[in-house]
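Which chain is which? The protein sequence lines are R and B, in order.
Residue numbers for the first sequence follow our numbering, beginning at 1 and rising by one.
Residue numbers for the second sequence follow our numbering, beginning at 114 and rising by one.
A short worksheet on the structure shown next.
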Amino acid sequence: ETGVTQSPTHLIKTRGQQVTLRCSSQSGHNTVSWYQQALGQGPQFIFQYYREEENGRGNFPPRFSGLQFPNYSSELNVNALELDDSALYLCASSLGGMGNEQYFGPGTRLTVT
Amino acid sequence: GESVGLHLPTLSVQEGDNSIINCAYSNSASDYFIWYKQESGKGPQFIIDIRSNMDKRQGQRVTVLLNKTVKHLSLQIAATQPGDSAVYFCAEKTPSGYSTLTFGKGTMLLVSP
């Protein structure tokens, strides 16, 4: 069974740029959730995708967007990067859209300068 | 607003001691809680969960207690080992139409040999 993987591991971008982060869900999982974790804080929910549709969204602006593909992998896109977007971005996969146990990937560390 | 929080930011114990990490929640409608362990540079790892119709659940060396009267959750780790050193988060499943997790800020557990 393959776990959740994310790419890239680290990324450095300049303010105003755009970034795409990728996540491959655990085998058999059809739900992907994205979280932002600032240094010293707990993860904050961004949004969730279930069967290729957005299934819920946290308190993040529209410049945070996502996609889920037929193989249930997912992308997180952030436009017009701001310094405060610097964080660890975590992807979690689960089976079903109603909150079964979520398995987290190792995260992508994004630094915006 | 509703939130999940932790009482202690850092807990230092000696190897072999029992550790207790506490968490308070304020949403009385929450029905599912999870404890995660996050080691440096890694994503959160599931430890144990508990549903609101239970008040205690045991795993291997870990016990979670839920007191719905005072909206308090605790994680007990028996015979703490240096490998238990990490940040521990409690997370609350939001009682909404989709699943997401609301995390507290975390408690760092430091285990000295």
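Beta carbons: idealized from backbone N, C-alpha and C, even for Gly.
Predicted model, so just to flag it, every value in this text is computed and none were measured.
Query: DSSP three-state assignment for Asp197(B), whether helix, strand or coil; Result: helix
Query: C-beta neighbour in chain B for Gly56(R), strict 8 Å; Result: yes
Query: Backbone secondary structure at Leu83(R) - three-state DSSP; Result: helix
Query: CA nearest to the CA of Gln102(R), picked from Ser225(B), Gly172(B), Ile190(B) and Tyr149(B); Result: Tyr149(B)
Query: Positions along the region 83-108 of chain R whose CB lies within less than 9 Å of some CB in chain B; Result: Leu88, Leu90, Cys91, Ala92, Ser94, Gly96, Gly97, Met98, Gly99, Asn100, Glu101, Gln102, Tyr103, Phe104, Gly105, Pro106 and Gly107
Query: Beta-carbon neighbours of Pro195(B), restricted to chain R and to distances below 7 Å; Result: None at all; the shortest Cβ gap to chain R is about 22 Å.
Query: Ala4(R) in three-state terms, based on DSSP; Result: First, the amino acid is wrong: residue 4(R) is Val here, not Ala. Val4(R): coil per DSSP, three-state reduction.
Query: Where His120(B) falls: helix, strand or coil (DSSP); Result: Low per-residue confidence applies at His120(B): pLDDT is 48, beneath 50, and the placement is therefore not dependable, though the value from the model is reported in the following sentence. The answer is coil: DSSP assigns His120(B) none of H, G, I, E or B.
Query: The beta strand (DSSP E) enclosing Leu67(R), as first and last residue numbers; Result: Phe64 to Gln68
Query: Spatially closest choice to Arg164(B) from Gly154(B), Tyr145(B) and Gly172(B), by CA coordinates; Result: Tyr145(B)
Query: First and last residue of the uninterrupted beta strand (DSSP E) at Ala137(B); Result: Ser132 to Tyr138
Query: For Tyr103(R), the residue or residues it bridges with in DSSP; Result: Ser93(R)
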